Structure formats: C-alpha cells, structure tokens
Amino acid sequence: MLIRILTWNVCGWRSILRKGFVRQVLRFSPDIICLQEIRTHRMEIPLQLVFLGYDVFANYSARRGFHGTAVITRLRPLSVMRSLGHKRFDSEGRFLRLDFREFTLINVYMPHGGRDKRDIGYKLEAYDILLRYLENISKDVIMVGDFNIAHKPIDLARPEENEDNIMFTLAERRMLDRLVMMGFVDAFRIFNRHARKYTWWPRARNARERNIGWRIDYIFVSKNLKKNVKKALILSELAGSDHCPVFIEIEI
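Be aware that the sequence shown starts at 19, since it is given in the numbering used here, and climbs by one per residue.
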C-alpha cells in the first residue's frame, strides 16, 4: 500500500486554517498529516477533512498558546502515546506516537534551545531520551517533525556565519549523527543528495524570498524502509507559516 505523509510546523492551527491550509495540503492527497506548533487546546478539523475520513489526535501543551503537536490521519492507529518520559518535554506536548499494523509513526517538535542557548541543555537532554526511546521500538519507524537542527552545511544557506549558533552547534548536529548511526535515513536526501532546499526561513529581511533558509524539518525512516520511499519533496510553494511542509510517498 502506498502511503502519503506530510509534515508541517504550522505556527498556529487557527492561523494556518485561515491561510488556505485545507486547499493547499489536499493537493497532495496525504493519508497522514503531522503538525507541529499547533498552539491550541482545541484541535478541531474542518468538516471537509471529516467527510474525507480524517480523524485527529493531538498532544496539547500545558502552557496555553504554545507548542503542541497533532496528527490528522485517515488510517486508523492501533494505539496512541503522548509521553516520551521527560517531564518538561511532555508538558509542552511535543511528542505523538501512533502505532499502525506495519509501522510506528512518531511526530516530534524538538526544543529550539534559545538564541542565547539558555535551553540547549534541555534540548540535548530531550534528544538523548528520544534516541534511547527509539532503540526500544521493534517495528519499522517513520519519524517526522521539526527537529530544530540543520544537520550538515548543505542544510543551511550560510553555514560559516552560523557555525556556533543555535540549531547548528556541533553538539546538536551530533544528535542527528547518532540518529543516522542507528540506521535512520533522511528521506529527502535519498533523492536529493545535493539540493540546497530549506524548510524554514527567518521572518526578517525577506529571507524566504531570497531563500536564506535552513532545513530543520525532516522525515526519517528506518533503514528497512529506505527502499520503500518512492518520493520525497520539500513543498516550499505552500505558504502560511515560516516553515514549509515535507512530503513523502512510501510503500508499506
């Protein structure tokens, strides 16, 4: 069965709905839509999606108006989990796990760490717990979301200028190195080894129009699934957030 998965940091659920979310995403007929930074405590989906057979599972932040994740799916999960095992991380609604018959889906909104790096310790701790958590999953995994790290110099427009800045420090990048060493594959790079495409742009100085961006949103798949990925795209034409979606087609 061919499954289409789309992931998007929407910077506010109500906001993205007003900006043509439904019309934009339905162009790609996704079976699963993973959202980060929903910033709501009431995740209601439009009737158009309900009539198309979608259901929604959300993990809300304890702090109203911040963080949060959601999965809108027309595939029925066997189980849903909302806790990774880190008190602060879990209170911010940053994690959703949906187990399906053939695979496990994980949707994450990893901490930013702060421009002054005041929260980089929290970020690295959350990553360490996530990586250890993944080691104990027996099924093949598809993990998507906003990882708030540019992995390689090719993943941001100006790597030299950002060498020691948050989202590109060596300590952060090593976390994604660990993920790859565990066997996870960056789906976009399967087909786009040298593409300089980004998923997030600073709001200042027309960065998006000038394509001065970062690739910090990913879809990772277990190595067993690498051969099953049929398409992987960055949908930079979709507007409404300072991030854009990432999309894959995968045979399950």
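Glycine included, every Cβ here is placed at the ideal spot set by N, Cα and C. Since we're looking at a predicted model, the values are computed, not measured.
By Cβ distance below 7 Å, which residues in the same chain neighbour residue i in space, the five residues on each side in sequence not counted?
| i | result |
| --- | --- |
| Asp260 | Cys29, Trp218, Trp219, Arg221 |
| Lys135 | Ile184 |
| Leu102 | Asp108, Phe113, Ile147, Leu148, Tyr151 |
Name the one or two DSSP bridge partners that residue i has.
| i | result |
| --- | --- |
| Lys244 | Bridge partners of Lys244: none, in fact. |
| Glu190 | Partner(s): none; Glu190 has no beta bridge. |
| Ile268 | Ile21, Val247 |
| Asp164 | Tyr127, Asp235 |
| His261 | Trp218 |
| Met185 | BP columns for Met185 are empty, so no partner. |
| Val159 | Thr122 |
| Val98 | Leu116 |
| Val18 | Since the first and last residues shown for the chain are 19 and 270, residue 18 lies out of range. |
Exposed or buried, what is residue i when buried is set at 16 or more other beta-carbons lying within 10 Å of its beta-carbon?
| i | result |
| --- | --- |
| Lys141 | buried |
| Ala144 | buried |
| Ala213 | exposed |
| Glu227 | exposed |
| Asn27 | buried |
| Phe209 | exposed |
| Asn125 | buried |
| Asn44 | According to the sequence shown, residue 44 is Leu rather than Asn. Flag for Leu44 reads exposed. |
| Asn242 | exposed |
| Leu123 | buried |
| Arg119 | exposed |
| Pro171 | exposed |
| Asp49 | buried |
Roughly how many angstroms separate the alpha carbons of residue i and residue j, rounded to a whole number?
| i | j | result |
| --- | --- | --- |
| Phe69 | Phe75 | 16 Å |
| Leu20 | Phe238 | 17 Å |
| Val198 | Gln42 | 31 Å |
| Phe206 | Lys244 | 11 Å |
| Arg223 | Thr87 | 29 Å |
| Gly71 | Arg92 | 5 Å |
| Ser156 | Cys52 | 22 Å |
| Asp204 | Arg32 | 30 Å |
| Gly258 | Arg196 | 32 Å |
| Ala80 | Met61 | 14 Å |
| Glu267 | Phe84 | 30 Å |
| Gly38 | Leu67 | 13 Å |
| His59 | Phe113 | 15 Å |
| Ala22 | Phe121 | For the record, residue 22 in the displayed sequence is Arg; it is not Ala. In a straight line, the C-alpha of Arg22 is about 14 Å away from that of Phe121. |
Can you list, in chain order, the residues of its chain with a C-beta nearer than 6 Å to that of residue i? Leave out the 5 residues immediately preceding and following it.
| i | result |
| --- | --- |
| Ser240 | Asp158, Val159 |
| Trp232 | Ala168, Leu174, Tyr216, Trp218 |
| Asn166 | Met128, His130, Met185, Ile234 |
| Ile56 | Trp31, Gly86, Ala88 |
Going by DSSP in three states, residue i sits in which element: helix, strand or coil?
| i | result |
| --- | --- |
| Met200 | coil |
| Asn180 | helix |
| Phe46 | coil |
| Val12 | In this structure the chain extends from 19 to 270, so residue 12 is not present and cannot be described. |
| Ile63 | coil |
| Val28 | coil |
| Ala76 | strand |
| Ile5 | Shown here, the chain extends from 19 to 270; a query on residue 5 therefore has no answer. |
| Arg115 | strand |
| Ser254 | coil |
| Ile56 | coil |
| Leu174 | strand |
Which residues in the same chain have their Cβ closer than 8 Å to the Cβ of residue i, if we skip the five residues on either side of it in sequence?
| i | result |
| --- | --- |
| Ala189 | Ile138, Leu142 |
| Pro64 | Leu35, Val40 |
| Leu149 | Met193, Arg196, Leu197, Met200 |
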